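Here the structure comes first, spelled out in structure tokens, and everything after it is commentary.
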Ligand SMILES: Nc1ncnc2c1ncn2[C@@H]1O[C@H](COP(=O)(O)OP(=O)(O)O)[C@@H](O)[C@H]1O
Ligand SMILES: [Mg+2]
């Protein structure tokens, strides 16, 4: 039972990590918020399901299709918000993205219906074992993708021109203009990256359990938890906290009614914020 | 004659207050033109508007031409891409990045810009930065930061470099050092518009100087003429003459 919770927690945490990595960059590096993040996660799952069940595409093709659809949506949303973003109008951004989240949810309910659906991934049927631990190919995929995306983000932010531009815009968007950097395009890139990460999380975590168009708010809350606990913008901390939160949720769900696990996670958040306001994993 | 930079009848308003009131300035190729004036005269507002940049929300009218091209409607990053590069007053570098990163983050210049400086070229201009190359800019001295700010501007291959009080807050010895560097760059072919509170120092290096007061140009001339000008002498050179 302990081993099952451990494996389940790892997969869950890796899913949280994938969900949170985009937000970490968005909030930490670009000082942007997106409360439609959970709905982009939902769309990632539902477009994947739709592509499989309606068009008969294999899972491996349906996922990239979902990413492209959500990326296009991300472009549209960010272009609508360019002005607010450049002015760093955080309050309006919260309201607009929240409204956009509701619109996506309503649109998805119209398009995909209100019934729970199942994403048919061949990896979910693939049972694997390592010693006494049993898991699916889907679990492996989630963990591998989460690690790969963190590594990619870490390298891009730290070592590439694009990463330097993102950090520059984050520190001082006005000054960045004088370096010849188009802040609006950097914001667009970061926003779309974040949207694609959310969609990918939905597309790969979705097959583990039935999906609903009403899902998404819990995912935003989890993301928020991870980003705040890790310390805003702390990538490595985000990965550690996400896995930790996954394990916490899995173990908590093993011994207590799972319905309380989000509340319990918030208790942890409150304690951490009181004791270490700068975040759990922050260096200073 | 068409100058490299031709600013005509520039007016800049912050709400109802007119900070720059009909200023025309030209900078020729290979020329160093200085703008001096008291605190609040409108120097920064003027050069920021030329670069299409501001931390506030000014309303700008008038024309800005770079090598004949009207750039007055372009965003600051586009003007930078064309070689109209500003080093603003105050914070001019990314504090959270190293010297090297600041020099590397600059967008590569377009074909129309001036001489491209590699990171190494910049280090040749400011050898002191070589040993600080891996240091975070937040740990640098004021003079070193100013060198990084000018260095990153050179990386953008400027045709016209605008410097807003590069010597502010520096020790007198460093003021001379920074201004001498700038003069060397001009002698190597660069065109510079320099804002400088220290009129005496500006006159040492500038070809021409404009005196700005309450948003208007009140005196202009070559450095030699301005040294003789009574208004300049009274207001700025005072009894401290050599
Ligand atoms: N962002 C701003 N908003 C409103 N007024 C400003 C702003 N920046 C400068 N001013 C005003 O414009 C005038 C010129 O300021 P500035 O250009 O900074 O002068 P200088 O650079 O010569 O010291 C001053 O009266 C100043 O108060
Ligand atoms: Mg000024």
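Protein chains in written order, with the numbering used here: chain A, 8 to 291; chain B, 460 to 701.
Positions of the beta carbon are idealized from the N, C-alpha and C atoms, including for glycine.
Please read these numbers as outputs of a predicted model, since none were measured by experiment.
Heavy atom of ligand 1 within 7 Å of residue i beta-carbon
i	result
residue 498/B	yes
residue 269/A	no
residue 514/B	yes
residue 503/B	yes
residue 478/B	yes
residue 473/B	yes
Residue i vs residue j beta-carbon contact at 8 Å
i	j	result
residue 487/B	residue 468/B	no
residue 52/A	residue 59/A	no
residue 637/B	residue 602/B	yes
residue 523/B	residue 506/B	no
residue 504/B	residue 530/B	no
residue 41/A	residue 104/A	yes
residue 527/B	residue 461/B	yes
residue 234/A	residue 252/A	no
residue 173/A	residue 197/A	yes
residue 146/A	residue 18/A	yes
residue 502/B	residue 629/B	no
residue 148/A	residue 512/B	no
residue 279/A	residue 236/A	yes
residue 100/A	residue 190/A	no
residue 622/B	residue 546/B	yes
residue 194/A	residue 43/A	no
residue 573/B	residue 652/B	no
residue 131/A	residue 214/A	yes
residue 525/B	residue 464/B	yes
residue 23/A	residue 249/A	yes
residue 678/B	residue 688/B	yes
residue 584/B	residue 624/B	no
residue 656/B	residue 627/B	yes
Nearest neighbour of residue i, chosen from the options [CA to CA]
i	options	result
residue 535/B	42/A, 142/A, 181/A	181/A
residue 471/B	462/B, 464/B, 483/B, 667/B	483/B
residue 16/A	140/A, 79/A, 132/A, 49/A	140/A
residue 144/A	188/A, 133/A, 150/A, 151/A	133/A
residue 575/B	610/B, 475/B, 686/B	610/B
residue 663/B	649/B, 474/B, 485/B, 641/B	641/B
residue 294/A	259/A, 269/A, 211/A, 216/A	Residue numbering for chain A in the displayed model covers 8 to 291; residue 294/A lies beyond these limits and cannot be assessed.
residue 241/A	164/A, 211/A, 126/A, 206/A	164/A
residue 35/A	188/A, 175/A, 273/A	175/A
residue 10/A	39/A, 261/A, 284/A	261/A
residue 135/A	264/A, 284/A, 14/A	14/A
residue 31/A	257/A, 281/A, 227/A	227/A
residue 681/B	674/B, 517/B, 658/B	658/B
residue 153/A	206/A, 274/A, 77/A	206/A
residue 21/A	150/A, 267/A, 232/A, 211/A	150/A
residue 201/A	116/A, 263/A, 39/A	39/A
residue 232/A	284/A, 266/A, 263/A	284/A
residue 475/B	590/B, 490/B, 516/B	516/B
residue 95/A	276/A, 264/A, 273/A, 179/A	179/A
residue 276/A	263/A, 255/A, 129/A, 265/A	255/A
residue 491/B	595/B, 593/B, 588/B, 647/B	647/B
For residue i: DSSP bridge partner residues
i	result
residue 89/A	DSSP output for residue 89/A lists no bridge partner at all.
residue 528/B	525/B
residue 268/A	DSSP, once it has assigned bridges, lists no residue as partnering residue 268/A.
residue 533/B	Beta-bridge pairing links residue 533/B to no other residue.
residue 489/B	None, per the DSSP bridge assignment.
residue 621/B	545/B, 652/B
residue 681/B	667/B
residue 480/B	470/B
residue 496/B	671/B
residue 689/B	DSSP, once it has assigned bridges, lists no residue as partnering residue 689/B.
residue 519/B	471/B
residue 595/B	557/B
residue 142/A	135/A
Near ligand 2: residue i beta-carbon under 7 Å from a heavy atom
i	result
residue 201/A	no
residue 168/A	no
residue 178/A	no
residue 623/B	yes
residue 548/B	yes
message: Is it the case that the region 22-41 of chain A contacts the region 238-250 of chain A, given that we only count it when at least three CB pairs across the two stretches are under 8 Å?
response: Contact annotation: the region 238-250 of chain A touches the region 22-41 of chain A, with at least three C-beta pairs closer than 8 Å.
At least three beta-carbon pairs within less than 8 Å, the region 491-510 of chain B to the region 550-560 of chain B: With a cut-off of 8 Å, the region 550-560 of chain B and the region 491-510 of chain B do not count as touching, because too few Cβ pairs lie within range.
Stretch pair the region 613-623 of chain B + the region 541-548 of chain B: three plus CB contacts closer than 8 Å: Segments in contact, yes.
Meets three-Cβ-pair contact criterion under 8 Å: the region 75-91 of chain A and the region 39-47 of chain A: They touch, by the three-pair rule.
message: Closer than 8 Å is the cut-off here; do at least three beta carbon pairs connect the region 589-608 of chain B with the region 554-566 of chain B?
response: They touch, by the three-pair rule.
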